[in-house]
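Structure, as structure tokens:
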Amino acid sequence: MQEAPFYRKWVNAEDLTPFNVAEKETDLLILADRVLEKEAKELALKYRKDIEGYIRRYPEFRTSLIPIEDNDAAPAIVKDMLRAAISSDVGPMAGVAGAVSEYVGRGLLKFSTEVIVENGGDIFLKINKPRVLGVFAGKSKFTKRIGIEITPQDTPIGVCTSSGTVGHSLSFGLTDATIIVSKNTALADCAATRVGNAVKTAADVEKGIDCAKSIKGVMGAVIIIGDKLAGWGEVKLVSI
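Under the numbering used here, the first residue of the sequence shown carries the number 42, and numbering increases by one thereafter.
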């Protein structure tokens, strides 16, 4: 059994009930009105089955680092990933964590008025009160010092993070954190990869912001590399 990411120890939402669901590579932290482990596991299995079945028919879906052709006959979660990849100019698996977060989260809204699903730093939220998502950016001075405030009116929404210095996900950039906000969590995930890839040094952060602006559906972005931070769009940064 894989160890839970260390940053999950920092979660503080006493009015919600946290629980974990793990299935193969999928490892979810979920906060809801009550424990919905059975329902969440069923949803995670369903959407993993959709993705795995598509990979068996189209192996390039798993391995391609560039967009592949859209397919109207694909399962809904796969179509979301395909289209997010096309919009962001990355491979479709760049959006898998965000897509699973959103599809599991939306399914759980049948049972809970509030749902937060975190999957490897990629988060889907539907909330009833303002929440602050703490930013982890490796050794940067901004780690655990700033957060992104999300209001109920913003949600449902996706907030996804890519890093070239933290974690195991593939990145060709060197940001400590590239955070993207979008109404589509798969798109936020793919866009975080694309924007993160564009930033190799602190001098590239404006280029990264321009990249984020160019992706249709991206609402806002935060890029952190070392002691430099740049932000754009509908992102409210707060001290924590």
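C-beta atoms are modelled at their ideal positions from N, C-alpha and C, and glycine is treated no differently.
Inclusion of A135 and D230 in the CB contact set at 9 Å is warranted, their separation being smaller than that value. In this structure, I221 and A232 form a Cβ contact; the two beta carbons are roughly 5 Å apart against a cut-off of 8 Å. The three-state reading of DSSP puts P193 in helix, counting H, G and I together. Y88 and V141 have their C-alpha atoms roughly 7 Å apart. With contact defined as three or more Cβ pairs closer than 8 Å, the segment 175-183 and the segment 265-273 are in contact. Boundaries of the alpha helix (DSSP H) harbouring E80: E78 to R98, taken from the DSSP string. The C-beta distance from S203 to T234 rounds to 5 Å, short enough to fall under 8 Å.
Around the Cβ of I256, a 10 Å sphere holds 16 or more other Cβ atoms; the residue is buried. For E143 against T58, the beta-carbon gap comes to about 20 Å, at or over 8 Å, which does not count as contact.
The C-beta separation of P197 from F165 comes to about 7 Å, placing the pair in contact by the 8 Å criterion. Between the alpha carbons of I168 and I157 lies a distance of about 8 Å. Within the same chain, and ignoring the five residues on either side of A271 in sequence, the residues whose Cβ sits closer than 6 Å to its Cβ are V246, I250 and I264. Looking at the DSSP output, S203 shares a beta bridge with T219. Around the C-beta of F102, 16 or more other C-beta atoms lie within 10 Å, and the residue is accordingly described as buried.
For L84, the closest C-alpha among the options A63, I96, Y99 and G237 is that of A63.
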